[in-house]
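**Q** Residue numbers for the sequence shown follow this note's numbering, beginning at 1 and rising by one. Each residue gets a CB set at the ideal place from its N, CA and C atoms; glycine is no exception. Could you have a look at this structure, given as structure tokens, before my questions?
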Amino acid sequence: MTDQSATLKIGDKSVDLAVKSGTIGPDVIDIGALYKNTASFTYDPGFTSTASCESKITYIDGDEGVLLHRGYPIEQLAEHGDFLEVCYLLLYGELPTAAQKKDFDYRVTHHTMVHEQMSRFFTGFRRDAHPMAVMCGCVGALSAFYHDSTDITDPHQRMVASLRMIAKMPTLAAMAYKYHIGQPFVYPKNDLDYASNFLRMCFAVPCEEYVVNPVLSRAMDRIFILHADHEQNASTSTVRLAGSSGANPFACIAAGIACLWGPAHGGVNEAALNMLTEIGSVDRIPEYVARAKDKNDPFRLMGFGHRVYKNYDPRAKIMQKTTHEVLGELGVKDDPLLEVAMELERIALTDEYFIEKKLYPNIDFYSGITLKALGFPTTMFTVLFALARTVGWIAQWNEMIEDPQQRIGRPRQLYIGEPKRDYLPVSKR
Ligand code: SDX
Numbered sequence: 001m002t003d004q005s006a007t008l009k010i011g012d013k014s015v016d017l018a019v020k021s022g023t024i025g026p027d028v029i030d031i032g033a034l035y036k037n038t039a040s041f042t043y044d045p046g047f048t049s050t051a052s053c054e055s056k057i058t059y060i061d062g063d064e065g066v067l068l069h070r071g072y073p074i075e076q077l078a079e080h081g082d083f084l085e086v087c088y089l090l091l092y093g094e095l096p097t098a099a100q101k102k103d104f105d106y107r108v109t110h111h112t113m114v115h116e117q118m119s120r121f122f123t124g125f126r127r128d129a130h131p132m133a134v135m136c137g138c139v140g141a142l143s144a145f146y147h148d149s150t151d152i153t154d155p156h157q158r159m160v161a162s163l164r165m166i167a168k169m170p171t172l173a174a175m176a177y178k179y180h181i182g183q184p185f186v187y188p189k190n191d192l193d194y195a196s197n198f199l200r201m202c203f204a205v206p207c208e209e210y211v212v213n214p215v216l217s218r219a220m221d222r223i224f225i226l227h228a229d230h231e232q233n234a235s236t237s238t239v240r241l242a243g244s245s246g247a248n249p250f251a252c253i254a255a256g257i258a259c260l261w262g263p264a265h266g267g268v269n270e271a272a273l274n275m276l277t278e279i280g281s282v283d284r285i286p287e288y289v290a291r292a293k294d295k296n297d298p299f300r301l302m303g304f305g306h307r308v309y310k311n312y313d314p315r316a317k318i319m320q321k322t323t324h325e326v327l328g329e330l331g332v333k334d335d336p337l338l339e340v341a342m343e344l345e346r347i348a349l350t351d352e353y354f355i356e357k358k359l360y361p362n363i364d365f366y367s368g369i370t371l372k373a374l375g376f377p378t379t380m381f382t383v384l385f386a387l388a389r390t391v392g393w394i395a396q397w398n399e400m401i402e403d404p405q406q407r408i409g410r411p412r413q414l415y416i417g418e419p420k421r422d423y424l425p426v427s428k429r
């Protein structure tokens, strides 16, 4: 880190601030002592220009459309690796050797079952409860079962909790789906790979054997890879902030799930598919594009735009390719939603408004079409996002706990409320 410095002038005062450089990407101005030296805070709602931490896990270049996990491009990981290999990379910082991968797969596979009492939690929910509400509740409840891995000061317990989360999220997600549709839970099978196990737990029924389609399983695995981690996005920042108070990892992941649910974040894949369904046909696209451009209309094109990517989201390209693979394998020739999506993308990429605002399709634009084709209802889309993002949340949480600079997160504010005033008895109000 090469340190330079910046000088800030406030009135007759000037303050020198350290400027730090990372390996790649923008420098940061260290303002840690700003309040002490100037009695002023910085102001950056939405944290558009704020780095909250140092990290080695994921690097994004929004202008170049670059996404690296521990230095490896997402395109190469999605092409050559599998999801558990990416999990190992995110957690440990290096690609595993064959022996390390075999051991990691074995350890994850043998943590996929959940405590049998967990199934009682589901019966408290209505069958039509949104699966994300169920996941918020059940994942938070894991800390009531796994007390032996909640001491965050113990690296061994942190790793056990990390593996448990990665291993059990598919089981809980599948249970949430089965409960939602009124079918019996399906237990994990240790002779299946991660994605195949998940598809079987979702779509198998006791009445007949379920044979996993390897093309669909590979597509599911790649979708998990594409959603694994994404720097300091809203839900990851939520997990870090919750973890900074010393909360146990299961509670922190439940907080991340709650944040991801929002339609501006992880809820977009559900919202994007609902939008494509509402548009319904290509001839109605101009009406919706006009609405998206109308300042007085809150409507936005779901799946377009990104806080960081001001160029094409590299994940969206791979997602689009996966969509065609899945639809091809399933013999879905002319999916009207795909037709609308591709025409909407073509129009948006040539429209002055979207070009000027640098609005490109993001990962969520195509994922909904793919997940629907795989057989999932829209209410499960964000659950699948949460399943995949759990490894990113856990890796970032571990990095935060191990960071010597880490303290409890406690932002300040610009107060614009009433100055001090005295209480008025009701007779005088
Ligand atoms: C994810 O952070 C991550 O990494 C998230 C994520 C991850 O992997 O964790 O990548 C996953 O959340 C992807 C983003 C999914 N969200 C959506 O697709 C929802 C629709 N997109 C927008 O809500 C919006 O683009 C955001 C929230 C994604 C980004 O918001 P910004 O950066 O705050 O952008 P902005 O709201 O300042 O928009 C800039 C301009 C605005 O117009 P002006 O006020 O300048 O006139 O672009 C307009 C916006 O009105 N705009 C859109 C638009 N997105 C932004 N106009 C129409 N349709 C859109 N989708």
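Pull up the distance between the alpha-carbon of residue 274 and that of residue 238, whole angstroms please.
**A** Answer to the nearest angstrom: the Cα atoms are 26 Å apart.
**Q** Who are the Cβ neighbours of residue 140 in its own chain at under 7 Å, not counting the five residues just before and after it?
**A** Within the same chain, residue 140 has close Cβ partners 250, 251 and 254.
**Q** Identify every residue that forms a DSSP beta bridge with residue 298.
**A** According to DSSP, residue 298 bridges with nothing at all.
**Q** How close, in whole Å, do the beta carbons of residue 348 and residue 381 come, if the pair is a contact with beta carbons under 8 Å?
**A** So it is not a contact: roughly 21 Å between Cβ atoms.
**Q** Since I believe residue 241 is in contact with residue 434 (beta carbons under 8 Å), could you give me their beta-carbon distance rounded to a whole number of angstroms?
**A** No answer is possible for residue 434: the residues shown for the chain start at 1 and end at 429.
**Q** Taking the continuous alpha helix (DSSP H) assigned at residue 156, which residues delimit it?
**A** Its alpha helix (DSSP H) spans residues 155–181.
**Q** Closer than 6 Å by C-beta to residue 15: which residues in its own chain qualify, once you throw out the five before and the five after it? Chain order, please.
**A** Only 8, 37 and 38 meet the Cβ criterion.
**Q** Using the Cα positions of residue 117 and residue 308, report the straight-line distance between them to the nearest angstrom.
**A** Roughly 42 Å separates the two Cα atoms.
**Q** If you measure from the CB of residue 176, is any heavy atom of the ligand MG nearer than 7 Å?
**A** Absence of the ligand MG is noted for the structure shown, with the ligand SDX being the only ligands found.
**Q** Which same chain residues end up closer than 8 Å to residue 30 when comparing Cβ atoms and leaving out the 5 residues on each side of it in sequence?
**A** Result list for residue 30: 17, 18, 19 and 20, in chain order.
**Q** Any contact between the stretch 92–103 and the stretch 118–133? By contact I mean 3 or more CB pairs, one from each, below 8 Å.
**A** Judged by Cβ distances under 8 Å, the stretch 92–103 makes no contact with the stretch 118–133, as fewer than three pairs qualify.
**Q** Looking only at DSSP bridge pairs, what is residue 205 linked to?
**A** 208, per the DSSP bridge assignment.
**Q** Since residue 384 and residue 173 are thought to touch, with beta carbons under 8 Å apart, how far apart are those beta carbons, to the nearest angstrom?
**A** Confirmed, Cβ separation roughly 7 Å.
**Q** When burial is assigned at 16 or more other CB atoms within 10 Å of the CB, is residue 259 buried or exposed?
**A** Classification of residue 259: buried, given that the 10 Å Cβ count is 16 or more.
**Q** Would you kindly report the start and end of the unbroken beta strand (DSSP E) that includes residue 462?
**A** Only positions 1 to 429 of the chain appear in this structure, which leaves residue 462 out of reach.
**Q** Count the other CB atoms within 10 Å of the CB of residue 424; is the residue buried (16 or more) or exposed (fewer)?
**A** Result: exposed.
**Q** Let me know the alpha helix (DSSP H) ranges lying completely inside the stretch 357–429, each 4 residues or longer, listed in chain order.
**A** Runs of the alpha helix (DSSP H) inside the stretch 357–429: 363–374 and 381–402.
**Q** Quick one: is residue 498 buried, meaning 16 or more other Cβ sit within 10 Å of its Cβ, or exposed?
**A** Coverage of the chain is limited to positions 1 through 429, which leaves residue 498 absent and any answer about it impossible.
**Q** Using a Cβ-Cβ cut-off of 6 Å (strictly less than) and excluding sequence neighbours within five positions of residue 359, which residues of its own chain qualify?
**A** Once the five neighbours on either side are set aside, the close Cβ partners of residue 359 are 304 and 305.
**Q** Taking 7 Å as the cut-off, is the CB of residue 68 close to at least one heavy atom of the ligand SDX?
**A** Not so, every heavy atom of the ligand SDX lies at least 7 Å from the Cβ.
**Q** Ignore the nearest five residues each way along the sequence and tell me which others in residue 412's own chain have a CB closer than 7 Å to its CB.
**A** So the qualifying residues of the chain are 41.
**Q** Run through DSSP, which three-state label would residue 431 get?
**A** Residue 431 lies beyond the residue range present for the chain, which begins at 1 and ends at 429; the question has no answer from this structure.
**Q** For the stretch 206–225 against the stretch 288–299, are there 3 or more C-beta pairs whose distance is under 8 Å?
**A** No, the stretch 206–225 is not in contact with the stretch 288–299.
**Q** Quickly, what does DSSP pair residue 7 with across the bridge? List them, please.
**A** Beta-bridge pairing links residue 7 to 16.
**Q** Between the Cα of residue 310 and the Cα atoms of 284, 362 and 343, which residue gives the shortest distance?
**A** Out of 284, 362 and 343, 362 has the C-alpha closest to the C-alpha of residue 310.
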